[in-house]
Structure formats: C-alpha cells, structure tokens
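In this note's numbering, the protein residues as written are 3 to 182. Beneath this line is the structure, given in structure tokens, with notes to follow.
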Ligand code: SF4
Ligand code: SF4
Ligand code: SF4
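Structure representation (structure tokens):
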C-alpha cells in the first residue's frame with residue numbers, strides 16, 4: 003500500500019520555542035528571510051478564559067494538493083508511492099500559480115527563481131530518520147509516520163485524542179493533524 007506520510011502535532015505540549023524552525027533552516031539550508039516551517043501563536047476564547055495555542059506549521063502534503071493541480075509545467079508533483087509534494091527546480095518557471103493555489107501559504111520563491119517548500123525531509127526519511135524539525139523538538143510534540151498504517155504512532159495518537167486540520171473547508175485533505 004502507498005505510504006501516506008503525516009505529522010501529528012500536540013498543541014498542548016508545544017511551547018512555541020521555534021527550535022523546529024531553526025532545525026529546518028539548518029538542515030535544508032533555507033536562505034535568510036525564507037521559511038519552510040513557522041510557529042503560529044493563536045489566542046481564542048473570551049476574557050477571562052483565554053486560550054493560547056502554539057502551532058508549528060509547514061506544507062500539509064495534502065492528499066488533494068491544489069498546488070500540483072495548478073502547476074502548468076509539471077514541476078510540482080506528488081512523489082510516487084507516497085503523498086509527499088515536491089518541486090522539480092529544473093522544470094519550475096517561477097510563475098507562482100502554485101503559490102496562489104496553496105491555502106496554507108507554504109511555498110516561496112528561492113533566490114534562484116524556483117519554488118521552495120517543506121519536503122517532509124525526504125532525504126532523511128529515505129534513510130529511516132525523522133524529519134529535522136521533529137527530531138529536535140524539546141517538547142516532543144511532533145510525531146511523524148504513515149497515516150495509512152493503523153499500527154503507527156501517528157494513527158494511534160489520532161485514535162486516542164481529539165484533533166483538527168487547518169482549513170478543512172478547502173478540501174485539500176491535509177496530512178498534518180493537530181491534537182487539541
Ligand atoms: Fe500544496 Fe500547500 Fe497542500 Fe503543501 S499545503 S501540498 S504546498 S496546497
Ligand atoms: Fe509550477 Fe513553478 Fe509555476 Fe509553481 S511556480 S506552478 S512549481 S512552474
Ligand atoms: Fe523543514 Fe523537514 Fe520539518 Fe519540512 S519536515 S518543516 S523540510 S525540517
């Protein structure tokens with residue numbers, strides 16, 4: 003069966019330290035001022051019962067990826083055998099159709115003119131390692147694995163806790179789930 007890689011991120015454990023952002027920049031040599039992941043701080047509720055949520059965000063490696071559908075050159079594609087969305091820099095013209103199509107603002111133009119984005123650290127995953135952001139989190143709030151495997155830790159966590167995805171109304175079927 004094809005892999006459906008995903009992350010389950012515990013917003014209750016996240017302390018908003020930003021180590022995931024630094025790890026990604028270092029691991030993937032992301033140029034200054036650009037980010038493959040970022041931390042959102044969201045306040046909800048009404049005084050005096052305000053709730054503060056920290057959320058580490060990145061490409062959702064959507065099961066129905068509008069970025070790939072929008073790309074006119076085939077530069078944006080889904081990895082064979084999984085759901086990881088990737089960009090072939092050699093085919094990318096920098097037209098930004100995918101940037102406009104992504105509801106999560108997960109793509110950016112690299113200084114060389116092609117698109118940059120989270121790759122789920124495919125180069126590490128292929129070696130059996132965890133994505134860089136997951137591996138450094140001091141709060142251990144991120145879990146990476148195969149959502150298609152009912153015995154994986156990500157599947158187990160989703161069965162055991164209440165969770166949400168971002169902008170489900172966009173119909174993209176995100177592969178990043180947040181435990182709430
Ligand atoms: Fe594409 Fe954006 Fe979904 Fe990532 S989050 S797969 S860039 S639409
Ligand atoms: Fe495709 Fe590149 Fe245009 Fe995005 S910017 S739609 S990857 S050609
Ligand atoms: Fe960056 Fe890798 Fe984490 Fe994606 S999975 S945000 S590329 S460190």
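Virtual Cβ for every residue (Gly too), placed ideally from N, Cα, C.
- Note: residue 118 is bridge-paired with 110 in the DSSP secondary-structure output.
- Residue side-chain check: residue 30 places its Cβ nearer than 8 Å to a non-hydrogen atom of ligand 3.
- In terms of Cβ geometry, residue 140 and residue 12 do not form a close pair [threshold 9 Å].
- Restricting attention to alpha helix (DSSP H) runs no shorter than 4 residues, the stretch 14–39 encloses them at 21–30, ordered along the chain.
- Every residue whose Cβ sits closer than 7 Å to any heavy atom of ligand 1 is listed here in chain order: 61, 62, 63, 64, 67, 68, 69, 70, 87, 100, 103, 104, 105, 106, 108, 109, 119, 174 and 176.
- If you compare the alpha carbons of 14, 25, 6 and 178 with that of residue 137, the shortest gap goes to 25.
- The C-beta separation of residue 78 from residue 64 comes to about 12 Å, leaving the pair out of contact by the 8 Å criterion.
- Setting aside the 5 residues that flank it on each side, residue 18 is surrounded in the same chain by 41, 43 and 56, each with a C-beta closer than 7 Å to its C-beta; the list follows chain order.
- If the five residues before and after residue 87 are omitted, its C-beta is found closer than 8 Å to the C-beta atoms of 61, 63, 64, 67, 69, 70, 78, 79, 80, 81 and 119, all from its own chain and listed in chain order.
- For the alpha helix (DSSP H) assignment, the uninterrupted runs of no fewer than 4 residues enclosed by the stretch 53–99 are, from N- to C-terminal side, 68–72.
- The nearest non-hydrogen atom of ligand 3 is 8 Å or more from the C-beta of residue 145.
- Here residue 179 really is in contact with residue 160; their C-beta atoms are around 6 Å apart, less than 8 Å.
- When distances are taken from the beta-carbon of residue 123 to the heavy atoms of ligand 3, the shortest one is below 8 Å.
- For residue 151, the closest C-alpha among the options 84, 175 and 15 is that of 84.
- In the assembly as shown, residue 133 is a buried residue. Its beta-carbon has 16 or more other beta-carbons within 10 Å.
- Across the set 74, 49 and 54, the C-alpha of 74 shows the shortest separation from the C-alpha of residue 99.
- For residue 25, the Cβ falls inside the 8 Å cut-off from some heavy atom of ligand 3.
- Annotation: the continuous alpha helix (DSSP H) that includes residue 124 extends over 124–127.
- Residue 148 is classed as buried because its beta carbon has at least 16 other beta carbons within 10 Å across all chains shown.
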